[in-house]
Amino acid sequence: MFTNPSNPCPICGTPAAKVWDSGGGPNVECGRCGKFKVGRLALHEISLWTAAQRANLSGWIREHQGCEIVVSDVPNLTMLRAPPVGEKADRVLFHLSKQCPKAGTRIDVGILLPSMSVFDESNEPTHTLPNDGQLLAIAWSQDADELRFILDDYLVTETGFLKREESGLYKITPKGWGHLASLEARNPQSQQSFIAMWFDEQVNEAWKAIDQGIREAGYTPLRIDQKQHNNEITDEMLAEIRKSRFLVADLTGHRNGVYYEAGFAKGLGIGVVWLCRKDELANAHFDVNHFPVIVWAADKLPELTTALKNRIEATIGRGPTASA
Numbered sequence: 581m582f583t584n585p586s587n588p589c590p591i592c593g594t595p596a597a598k599v600w601d602s603g604g605g606p607n608v609e610c611g612r613c614g615k616f617k618v619g620r621l622a623l624h625e626i627s628l629w630t631a632a633q634r635a636n637l638s639g640w641i642r643e644h645q646g647c648e649i650v651v652s653d654v655p656n657l658t659m660l661r662a663p664p665v666g667e668k669a670d671r672v673l674f675h676l677s678k679q680c681p682k683a684g685t686r687i688d689v690g691i692l693l694p695s696m697s698v699f700d701e702s703n704e705p706t707h708t709l710p711n712d713g714q715l716l717a718i719a720w721s722q723d724a725d726e727l728r729f730i731l732d733d734y735l736v737t738e739t740g741f742l743k744r745e746e747s748g749l750y751k752i753t754p755k756g757w758g759h760l761a762s763l764e765a766r767n768p769q770s771q772q773s774f775i776a777m778w779f780d781e782q783v784n785e786a787w788k789a790i791d792q793g794i795r796e797a798g799y800t801p802l803r804i805d806q807k808q809h810n811n812e813i814t815d816e817m818l819a820e821i822r823k824s825r826f827l828v829a830d831l832t833g834h835r836n837g838v839y840y841e842a843g844f845a846k847g848l849g850i851g852v853v854w855l856c857r858k859d860e861l862a863n864a865h866f867d868v869n870h871f872p873v874i875v876w877a878a879d880k881l882p883e884l885t886t887a888l889k890n891r892i893e894a895t896i897g898r899g900p901t902a903s904a
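Convert by adding 580 to the 1-based position in the sequence shown; the result is the number in this note's numbering.
Right, dumping it as structure tokens:
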């Protein structure tokens with residue numbers, strides 16, 4: 581394995597990324613983007629992109645850790661759209677709250693530094709959290725100036741979700757914690773569940789089992805290809821995810837779109853229930869390994885229906901149309 585710690589990341593340009601070639605194209609461990617692999621032909625196409633397109637791809641990779649980008653993915657990735665400022669800010673606030681879950685914690689956000697420090701009430705650092713520029717990708721920001729705008733102009737001044745003290749340390753305010761609580765319970769009145777899965781005949785019977793499990797839990801399932809509409813499908817899909825109480829993501833086939841839709845939902849604070857066919861589980865991206873995945877088999881679909889119903893009721897709650 582050839583590793584050059586002085587190489588810049590081929591996507592975002594962050595210096596001192598670990599880059600090595602295991603055949604077919606570089607593997608990368610970048611402080612900003614994270615871990616990924618990109619094929620040589622894909623990399624050639626991406627090298628022609630604008631800075632804004634690369635920043636969007638960096639944000640997408642951060643949400644799809646361990647992904648492999650091949651040339652056939654490039655047309656779809658070219659069309660990635662940066663989230664609105666409010667969604668970028670929510671991603672930043674959510675990340676800070678997960679890294680620093682203790683209320684009142686003061687955080688030194690080292691935007692251009694290799695670490696993010698956390699301080700206790702005596703101003704002594706309690707521990708150091710890895711950053712290496714990852715907050716730039718989490719916020720889908722093009723540069724540090726945009727991230728500073730999100731932190732200071734938006735989260736501090738406009739919304740009051742963060743407070744910046746004279747020392748320069750940030751703290752999530754009570755208003756910020758309240759906003760995070762609302763994100764965790766997004767769309768509490770919605771009866772809709774969005775299904776993100778592979779549109780292929782191999783999983784048609786599984787889709788019927790998933791549909792039934794959602795209905796038995798008391799919710800209304802929606803798969804975007806089953807809906808009649810006149811809008812551009814990506815816009816329609818994102819709009820329906822926003823309106824949903826939760827999302828069911830079946831990883832079978834490992835379609836980039838499924839990972840994207842699940843990441844979009846989680847970025848909005850919408851709950852995700854993960855599924856995967858047993859023979860496909862080993863190929864799941866490792867960044868979902870810490871989530872509980874319902875593993876199903878093609879010859880045991882009634883068990884999938886029951887397991888999904890139980891998981892929804894345990895994590896989301898029984899829906900309004902659930903039978904007694």
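Where is the CB? At the ideal position from N, CA and C, for every residue including glycine.
Taking just the CA atoms, how far does L628 sit from I649? 16 Å
Using the Cβ count rule (16 or more neighbours within 10 Å means buried), how would you classify K788? exposed
Give the list of continuous alpha helix (DSSP H) stretches no shorter than 4 residues that lie fully inside the stretch 849–894. none
N587 bridges to which residues according to DSSP? A597
Nearest by alpha-carbon distance to R835: which of T886, S638, W778 is it? W778
Cα-Cα separation between L693 and G593, rounded to whole angstroms: Note that L693 scores 43 on pLDDT, short of 50, meaning its location in the model is unreliable; the coordinates nonetheless yield the value given after this. In a straight line, the C-alpha of L693 is about 15 Å away from that of G593.
Are the stretch 713–733 and the stretch 663–675 touching by the rule of at least three beta carbon pairs closer than 8 Å? Yes, the stretch 713–733 is in contact with the stretch 663–675.
Starting from P655 and walking both ways along the alpha helix (DSSP H), at which residues does that stretch end? 654–658 is the extent of the alpha helix (DSSP H) around P655.
Quick one, which of G793, Q771, W757, V654 has its alpha-carbon nearest H675's? Minimum Cα distance to H675 is reached at W757.
In chain order, what residues of the same chain have a beta carbon less than 8 Å from the beta carbon of L673, not counting five sequence neighbours either side? L735, F741, L742, I752, G756, H759, L760
For the structure I just gave you, are there three or more beta carbon pairs, one from the stretch 840–860 and one from the stretch 817–825, closer than 8 Å? yes
What does E609 pair with, by DSSP beta-bridge criteria? The partner list for E609 (beta bridge, DSSP) reads K598, K615.
According to DSSP, what are the bridge partners of F826? S773, G851
Beta bridge counterpart(s) of T800 as assigned by DSSP: Q772
By the three-class DSSP mapping on this structure, what secondary structure does I730 have? Note: I730 maps to helix in three-state DSSP.
Q772 to T800, Cα distance in whole Å? The straight-line gap from Cα to Cα measures roughly 5 Å.
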